[in-house]
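Student: Let me begin by handing over the structure; questions about it come next.
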Amino acid sequence: MFARILLAFAISIAAPTVCQAEEPLRFLTIPIMGTVGADCTPEGVENALQLATAGNLEVDALLVEIDALDGELAAGRSIARSILKVPPKIRTIAVVRNAGGAALPILNACSTWIVLESTPTLVDDGEGGRTLRPAGPDRLVLRTLAPLTTRAEAMKANLDALRQAMMDSTPTSLEKSISDARQALTRAMCNPALDLQLGADLRAVPVLRQQDGGEDSGKTRIRTSRQGPGITAKQLNQTGLCLIAKEGLEPLAAALQVEAVESLGDPGVLLVVDAANERYRERGRINSRIDAMIGALDSADSLVSAMPWTLARARMSLPTSERLRGNFPMEHVEGRWVISPDFRPAWLAACKDSIRRWSGIIEIESSLVSILDRATSLRKGLGAENPGINENERYTAALAVFDGRMKKLRLVPGTWAPQIDEAKRTISKIEAWQESPPGPDA
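Position one of the sequence shown corresponds to residue 376 (my numbering), numbered consecutively onward.
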C-alpha cells in the first residue's frame with residue numbers, strides 16, 4: 376500500500392514549530408510512483424487534491440510520496456501547479472524515496488521535504504538478474520536524468536526546461552533562505568558545470584578542475600556534477616533542505632515535530648491509481664483505434680496493388696482468349712460450328728471461372744470503397760479522443776500519416792471506372808455464352 380507511510384522526510388532549512396495540539400496531524404497520501412504522466416497523472420492528482428480541499432475530510436497535510444525517476448515534464452509541471460494551489464492551511468510534505476526528471480518539479484512544489492533513510496532498490500544480483508536490496512542515505516536520492524538526445528543544443532534545451540519547471544514550482548510561502556537554497560540546488564541539478572557550495576548560504580558554483588578532486592566527505596563542496604548530476608540523501612541533508620527519517624508513523628511525527636500523525640487511509644492513493652488505470656485503458660482504446668485505422672489503409676493499399684494482376688488474370692480467363700480457345704474443339708452441325716458436346720462441360724466450367732475472376736474486379740472496387748468508409752469513420756472517432764501527454768506524439772503522427780494516405784486512396788475508385796465497366800460488360804457477355812457459345816457463324 377502506498378500508505379506504507381512514506382516516512383522519510385526532507386524538511387526545509389528552517390525547523391518547523393512544535394505543535395502543542397492534542398489532535399494528531401491528519402494527512403492524506405498522494406503517491407507519485409513510477410512514470411510521471413502514466414502511473415501518476417495530472418488528472419488523478421487533481422482529483423485527490425480536490426478531495427483534500429473540499430472540506431469533507433479534516434485534512435491537515437498532504438503527504439506526497441515520491442518514488443519516480445522518469446516521465447513527461449509537462450505532466451510533472453501540471454502536477455506541481457496543482458500542489459501549489461493547495462490552501463496554505465494544508466501542509467504539503469514530500470516524502471522521498473527517489474526523485475528524478477519530471478518528478479523534481481513535483482518535489483519542489485512541496486513546502487517540506489522528508490527523505491526516507493532507506494528504501495528498497497533493484498540492483499544486479501551478480502548472476503544476470505536483478506534483486507531488491509535496501510539503499511541507505513548514501514544513495515542518490517535526487518537525479519537529473521535528462522532525456523535521451525543526440526544533439527548538444529537539444530540537451531541544453533532539456534536541462535533549461537527542467538530548470539525552469541523547478542524554478543516555477545517553488546512555493547512563494549517559503550522563507551527567502553530556503554527559497555534561495557532550493558534555487559541553488561536547481562541550478563546545480565540542471566547544469567553539469569556547477570556544484571554546490573556549503574556555507575552561510577547554499578550556492579551553485581563552477582566545478583573544480585579535475586586535479587582538485589577528491590572525496591566530498593568533510594568538505595564544503597557537494598560534487599553534484601560528478602553524480603549525474605545528482606545528490607545523495609546524506610548530502611541533501613547537509614544542505615539543510617531536508618531531514619532524514621525512518622519509515623513509520625512515529626518517525627514521521629518526530630520529523631514534523633508534532634505529537635502524533637494519523638493517516639486518513641487510501642482515498643488519495645485510489646484516486647491517483649484509478650486515474651492512471653483509466654488513462655491506461657484510454658490509451659489502449661486510442662492505440663487500438665490507431666492500429667485499426669492504419670490497418671484499414673494497409674488493407675486498402677493491398678487491394679490497390681492487387682487490381683492490375685486481378686484484371687490481367689480476368690482477361691486471360693476468357694474462354695475465347697488465345698491461351699484457352701484450343702481447349703474447346705468445335706464440330707460442324709446443321710450448318711453451324713458449335714463446341715463439341717464432349718467439351719461442353721469444360722466450356723461451362725471455363726465460363727464460370729472467368730465470371731468469378733471478372734467479378735473479383737468489381738469486388739475489389741466495392742471492398743476498397745467499404746474499407747475507406749470504415750477508415751474514415753475510425754478517423755472521425757479518433758479525432759474526438761484526448762490522447763494525453765504520453766500518446767500525443769503517436770496520435771499526431773498517426774493522423775498525419777492517415778490523412779496523407781487517405782487523400783491519395785480516395786481518388787483511386789474513380790480511376791477504376793473503365794475497368795469496372797469492362798468487368799460488367801464482360802460478365803454479361805460470358806453469361807450469354809453459357810447458353811449460346813460463340814462461333815464463326817455468330
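Where is the CB? At the ideal position from N, CA and C, for every residue including glycine.
All of these numbers come straight from a predicted model, not from anything done at the bench.
State the DSSP-derived secondary structure class of residue 593, mapped to helix, strand or coil.
Tutor: Here the model assigns residue 593 a pLDDT of 48, short of 50, so the residue's position is not dependable and the matter cannot be decided.
Student: Less than 8 Å between the CB atoms is what I'm expecting for residue 733 and residue 703, so what's the real figure, rounded?
Tutor: Rounded, the Cβ-Cβ distance is 18 Å, inconsistent with contact.
Student: In chain order, what are the residue ranges of uninterrupted alpha helix (DSSP H) at least 4 long that sit wholly in the segment 435–516?
Tutor: DSSP runs (the alpha helix (DSSP H)) wholly in the segment 435–516: 448–459, 478–484.
Student: Could you tell me the distance, in whole angstroms, from the CA atom of residue 735 to the CA atom of residue 682?
Tutor: About 9 Å.
Student: Given that a residue counts as buried once 16 or more other Cβ atoms are within 10 Å of its Cβ, and exposed if not, what is residue 561?
Tutor: The residue in question, residue 561, is buried, as its Cβ has 16 or more Cβ neighbours within 10 Å.
Student: Residue 454 and residue 469 look like a contact to me (Cβ under 8 Å); what is the Cβ gap, rounded to whole Å?
Tutor: The Cβ separation is near 12 Å, so there is no contact.
Student: Quick one: using the 10 Å Cβ neighbour count with 16 as the cut-off for buried, is residue 612 buried or exposed?
Tutor: With 16 or more other Cβ atoms within 10 Å, it is buried.
Student: Beta-carbon within less than 7 Å of residue 433's beta-carbon, same chain only, minus the 5 sequence neighbours each way: which residues are those?
Tutor: Correct list, in chain order: 401.
Student: Which residues mark the beginning and the end of the beta strand (DSSP E) in which residue 406 is found?
Tutor: First-last of the beta strand (DSSP E) with residue 406: 400–411.
Student: Quick check on residue 422 - is its C-beta less than 8 Å from some C-beta in chain C?
Tutor: The chain inventory of the structure shown lacks chain C, comprising one protein chain alone.
Student: Assuming the contact rule is C-beta atoms closer than 8 Å, residue 465 and residue 438 should be a hit. Round their C-beta distance to whole Å, please.
Tutor: Residue 465 to residue 438, Cβ: 11 Å. No contact.
Student: What does residue 711 pair with, by DSSP beta-bridge criteria?
Tutor: 708, per the DSSP bridge assignment.
Student: In whole angstroms, what is the alpha-carbon distance linking residue 621 and residue 757?
Tutor: Cα to Cα, residue 621 sits roughly 48 Å from residue 757.
Student: Tell me which residues share the same chain as residue 719 and place their Cβ nearer than 6 Å to its Cβ, disregarding the 5 neighbours each side in the sequence.
Tutor: Excluding positions up to five away in sequence, the list is empty.
Student: Cα-Cα, which of 555, 609, 577 is closest to residue 542?
Tutor: The shortest C-alpha separation from residue 542 is found at 555.
Student: Which word fits residue 803, buried or exposed, when buried means at least 16 other C-beta atoms lie within 10 angstroms of its C-beta?
Tutor: Exposed.
Student: What residues match up with residue 578 in a beta bridge as DSSP calls it?
Tutor: According to DSSP, residue 578 bridges with 572.
Student: In the DSSP assignment, find the alpha helix (DSSP H) that holds residue 629 and state where it starts and stops.
Tutor: Taken as a continuous stretch (DSSP letters only), the alpha helix (DSSP H) holding residue 629 covers 624–631.
Student: Where residue 698 and residue 810 are concerned, what is the direct C-alpha to C-alpha distance, given to the nearest angstrom?
Tutor: So the alpha carbons of these two residues sit roughly 22 Å apart.
Student: Tell me where the beta strand (DSSP E) around residue 620 begins and ends.
Tutor: Taken as a continuous stretch (DSSP letters only), the beta strand (DSSP E) holding residue 620 covers 618–620.
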